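Below is one structure, written out as C-alpha cells; comments come after it.
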Amino acid sequence: MARRAAVLLALLPLCGQAAPPGDRYVTVPGGAFRSALRYEDAADGTTVAPYRLMRRPVTNAEFLAFVRAHPEWQRGRAAVVLAEPRYLSQWSGPLSLGDARPDQPVTWVSWFAAAAYCAAQSARLPTWTEWEYAAAADETRRDAREDPAWRERILSWYAQPSTGALRAVGGQPPNVYGVQGLHGLVWEWVDDASALLVSADNREQGAADKLRFCGAAALSTDDRENYATLMRVALLSSVQAADATGNLGFRCAKDLP
40 MARRAAVLLA
50 LLPLCGQAAP
60 PGDRYVTVPG
70 GAFRSALRYE
80 DAADGTTVAP
90 YRLMRRPVTN
100 AEFLAFVRAH
110 PEWQRGRAAV
120 VLAEPRYLSQ
130 WSGPLSLGDA
140 RPDQPVTWVS
150 WFAAAAYCAA
160 QSARLPTWTE
170 WEYAAAADET
180 RRDAREDPAW
190 RERILSWYAQ
200 PSTGALRAVG
210 GQPPNVYGVQ
220 GLHGLVWEWV
230 DDASALLVSA
240 DNREQGAADK
250 LRFCGAAALS
260 TDDRENYATL
270 MRVALLSSVQ
280 AADATGNLGF
290 RCAKDLP
C-alpha cells in the first residue's frame with residue numbers, strides 16, 4: 040500500500056482543486072466493532088475512530104469533472120499500469136458520457152483512479168473496516184447484522200441480475216448515519232482492498248488462484264452466514280489495483296480533525 044501511495048504522489052498533481060461541499064459527506068461516529076473478517080491482532084474486535092464518509096457513491100458526472108481537471112486520468116491517457124484498457128469503457132469517449140447517465144455511479148475505474156479522485160478532493164478511500172462499519176447499519180440501527188430480515192433484504196438485492204442499467208445514486212434509503220447505496224447499487228473499492236484476503240495457512244500465500252472467490256473468502260471470515268460480506272471480500276480480493284469492472288465503483292472518506 041505504501042508503494043501505491045508513492046505512485047499516486049508522483050503522478051497526481053492536486054492542482055489546487057477545492058474540497059467538495061460539506062453536504063456530500065456525513066460524519067460516522069466511532070465505536071467498538073467486530074468485523075466479519077478474522078484479524079489476528081483484533082480477535083476481540085476493534086475501535087473505529089469517527090470519520091467522514093460520502094453520502095453516495097461518486098457519479099459519472101463527478102468523475103467526468105475530475106478527468107477534465109486531471110487529463111492524465113482520461114481514458115487513453117492513464118498509464119496502463121494504473122488503469123487497464125477497459126478503464127471508463129462505458130463512456131462513449133474520454134470526455135463524453137454517451138449513454139452513461141450523469142447520475143449513475145461511475146464504474147470501470149481502477150483502484151488507482153479511485154484513490155486519485157479522492158486525493159484530489161482532499162480525501163481518501165475508506166478502509167475496509169470503515170466501509171464494513173457503515174454498511175452494518177440499517178435505517179434505525181447502527182448494527183443490524185444479526186437481524187435475519189436485514190440479511191435477507193441484503194441478499195435479495197444481490198440476487199437481482201446485474202445486466203440492467205445501473206440505478207441513479209441517491210434513490211436508496213439512507214441508513215442511520217445518512218449514508219446511501221452501500222448495498223444493492225455497486226460494489227465499492229476500499230483503500231486496503233489488496234490486503235483483505237489471507238489464508239489461514241501462510242504456506243498457501245503463493246497459490247493466488249486457489250484463494251479466489253467465495254470459497255476462498257470463507258478462509259478469512261468469522262461470520263460465515265454474512266454472505267454479503269463474503270461476496271464483497273471475494274470480489275475485492277480477486278482484482279488487482281489496475282483492474283476495472285462494470286459493477287465496481289467507489290466513494291471517499293475523510294479523517295476528522
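Going by our numbering, 107 is the number at position 68 of the sequence shown; the sequence numbering is gapless. Note that the Cβ used here is the ideal one computed from N, Cα and C, for glycine as well. Being a predicted model, the structure only gives us computed values, none of them experimental.
Nearest to residue i by alpha carbon, out of the options?
i: E227; options: W170, D138, P212; result: W170
i: A162; options: A108, S131, D230, V148; result: D230
i: R180; options: L164, T168, V215; result: V215
i: L194; options: A207, G223, S135; result: G223
i: D294; options: T86, L164, E111, R125; result: L164
i: P68; options: V218, S131, V208; result: V218
i: M93; options: S233, P213, L269, Q279; result: P213
i: V97; options: V278, C157, A174, A232; result: C157
i: E123; options: P110, E111, S149; result: S149
i: A280; options: D186, A155, G209; result: A155
i: Q143; options: G209, E111, T86, E185; result: G209
i: L235; options: A75, G70, Y64; result: A75
i: G70; options: A267, V278, A175, D186; result: A175
i: E185; options: A88, A267, P89, A232; result: A267
Alpha carbon to alpha carbon, what distance is there between residue j and residue i?
i: T284; j: W196; result: 19 Å
i: D282; j: V145; result: 14 Å
i: W147; j: A188; result: 32 Å
i: A159; j: R91; result: 16 Å
i: V106; j: Q211; result: 27 Å
i: D62; j: G84; result: 31 Å
i: D177; j: A183; result: 6 Å
i: A255; j: R206; result: Only weak support exists for where A255 lies, its pLDDT of 41 falling under 50; the value from the coordinates is given anyway. If you take the alpha carbons of A255 and R206, they lie about 30 Å apart.
i: L287; j: V225; result: 6 Å
i: P296; j: T66; result: 12 Å
i: T166; j: S135; result: 31 Å
i: R190; j: T168; result: 19 Å
i: G137; j: R125; result: 16 Å
i: A139; j: A198; result: 23 Å
i: L269; j: A292; result: 23 Å
i: L103; j: A153; result: 12 Å
i: E111; j: Q129; result: 18 Å
i: A108; j: T86; result: 37 Å
i: V278; j: A232; result: 9 Å
i: R192; j: S131; result: 35 Å
i: P89; j: V119; result: 36 Å
List the DSSP bridge partners of residue i.
i: D186; result: Answer by DSSP bridge pairing: none, since D186 is not bridged.
i: R91; result: T66, K293
i: F72; result: T85
i: W150; result: Paired residue(s): none; W150 is not in a bridge.
i: T268; result: Paired residue(s): none; T268 is not in a bridge.
i: G288; result: E227
i: T98; result: P144
i: R163; result: A292
i: S135; result: G132
Rounded to whole angstroms, how far is the Cβ of residue i from the Cβ of residue j, which I believe are closer than 8 Å?
i: F151; j: L127; result: That belief does not hold up - the Cβ atoms of F151 and L127 are roughly 13 Å apart, past 8 Å.
i: Y172; j: F289; result: Rounded, the Cβ-Cβ distance is 17 Å, inconsistent with contact.
i: A100; j: P141; result: 4 Å
i: G203; j: R95; result: Not confirmed; about 19 Å, so no contact.
Decide if the segment 265-275 is in contact with the segment 112-132; the criterion is three or more beta carbon pairs, one per stretch, under 8 Å apart. no
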